[in-house]
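Counted the way numbering that gives the first Met the number 0 counts, the sequence shown spans residues 0 to 152. A virtual CB, placed ideally from N, CA and C, is assigned to each residue, including glycine. Quick caveat: nothing in here was measured; it's all calculated off a predicted structure. Beneath this line is the structure, given in C-alpha cells, with notes to follow.
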Amino acid sequence: MALDVSEIAEVTSESPFPAGALAVAFADGASRGNPGDASYGCVYTTEDGEPLCGEALKLGKTTNNVAEYRGCIAALSRLKSWGVTRGVVRLDSELVVKQVNGLYKVRQEHLKPLVAQARELRDGFVQMRIEHVRRAKNALADGLANAVLDGKR
0 MALDVSEIAE VTSESPFPAG ALAVAFADGA SRGNPGDASY GCVYTTEDGE PLCGEALKLG
60 KTTNNVAEYR GCIAALSRLK SWGVTRGVVR LDSELVVKQV NGLYKVRQEH LKPLVAQARE
120 LRDGFVQMRI EHVRRAKNAL ADGLANAVLD GKR
C-alpha cells in the first residue's frame, strides 16, 4: 500500500540522519498555470527510500521552473542545516539537474541566480550529487507540493 503524504512527518531542527550517513532528498516544484500559484515539496528518506520527514511551502505566483529550483535549494539548505556532509538530491526536472550540473546552459536570466545558489550550496558539502529521477520516483515530493497548494498541509 502506498504511503499517503499526510503520513509524512514534518521536518524538525534535528537531523533524522545518523552522523556520516548518506542523506537522500527528493524535491519537486508545482505550478498551477505557468506562471501560477506555485509551491515546492521535499521528502527526506533513508538510502532504501523509507520516508523520514518532509516539508512543503507555497511560493505565490511563479513559474514551474522557479518552483523546481526553489525545491532543490530548500532541500540543499535543509541538509546543510542538519550538518549533513554526504548526500543526494533527486528531482524529476531534467532542466534543473542538468543546469545545476553544468550540462545545460542557463539562458533565462531570472534562473541564473537560482542556479548559482544551488551550485554554491551543493559545493559546500563533502559529497553532494544532484540527480534526475523519473516522475513516478518523485511522487511523495510531488504529493507534498500539491498538498500545500490544496491547503492540506
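Three-state secondary structure (DSSP) of residue i
| i | result |
| --- | --- |
| GLY70 | helix |
| ASP27 | strand |
| LEU56 | strand |
| GLY32 | strand |
| GLU13 | coil |
| ALA135 | helix |
| MET0 | Its pLDDT being 40, under 50, MET0 is placed unreliably in this model, and the value from its coordinates should be taken loosely. Of the three classes helix, strand and coil, the one that applies to MET0 here is coil, per DSSP. |
| LEU148 | helix |
| LEU21 | coil |
Alpha-carbon to alpha-carbon, residue j and residue i
| i | j | result |
| --- | --- | --- |
| GLY142 | VAL125 | 30 Å |
| ILE7 | PRO50 | 7 Å |
| SER181 | SER80 | Past the edges of the chain, shown from 0 to 152, lies residue 181, and the structure says nothing about it. |
| TYR39 | ARG85 | 23 Å |
| GLY70 | HIS109 | 16 Å |
| TYR43 | ARG106 | 31 Å |
| VAL147 | ALA66 | 13 Å |
| ARG89 | VAL114 | 16 Å |
| CYS41 | SER14 | 14 Å |
Extent of the continuous beta strand (DSSP E) to which residue i belongs
| i | result |
| --- | --- |
| ARG128 | 126 to 131 |
Does the segment 22 to 37 come into contact with the segment 129 to 146, if we say contact requires no fewer than three beta-carbon pairs (one atom in each stretch) closer than 8 Å?
yes
List in chain order: all unbroken beta strand (DSSP E) runs of 3+ residues lying wholly within the segment 81 to 121.
85 to 90
Within 8 Å, do at least three Cβ pairs link the segment 51 to 60 to the segment 88 to 103?
no
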